[in-house]
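Under the numbering used here, the first residue of the sequence shown carries the number -5, and numbering increases by one thereafter.
For each residue, glycine too, the CB sits at the ideal point set by N, CA and C.
Take a look at the structure set out below.
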Amino acid sequence: MENNVPQVSTKHGFLEYSITDSVPRWRKPKETILFHHGVGIDMDIWIDWLPYLSKNFRCVRFDMRGCGRSSIPPDGQKWS
């Protein structure tokens, strides 16, 4: 697991995300892969893929609302 994972704030809480990019800066602009986990797990489900894919792609993972280290929606708010 990572420490000091960045967050993006919303009006009802925050989502934590991670960007892993090991592509050398002198290479052409890279494509981005967005990893979206399923219900009941968090962004760490993708961690074993990062050493392989981040050599050629920018890898962005995030925790959905109420999962992992993202905030739980307030009562009466939708989860998605």
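Check	Outcome
Given His31 as reference, the closest of Tyr46, Val54 and Val2 once Cα atoms are compared	Val54
Test item: CB-CB of Lys24 and Phe56 under 7 Å	no
As assigned by DSSP and simplified to three states, the class of Ile27	strand
Gly7 versus Gly70, Ser65 and Asp69, residue with shortest Cα-Cα distance	Ser65
For Ile39, three-class secondary structure by DSSP	helix
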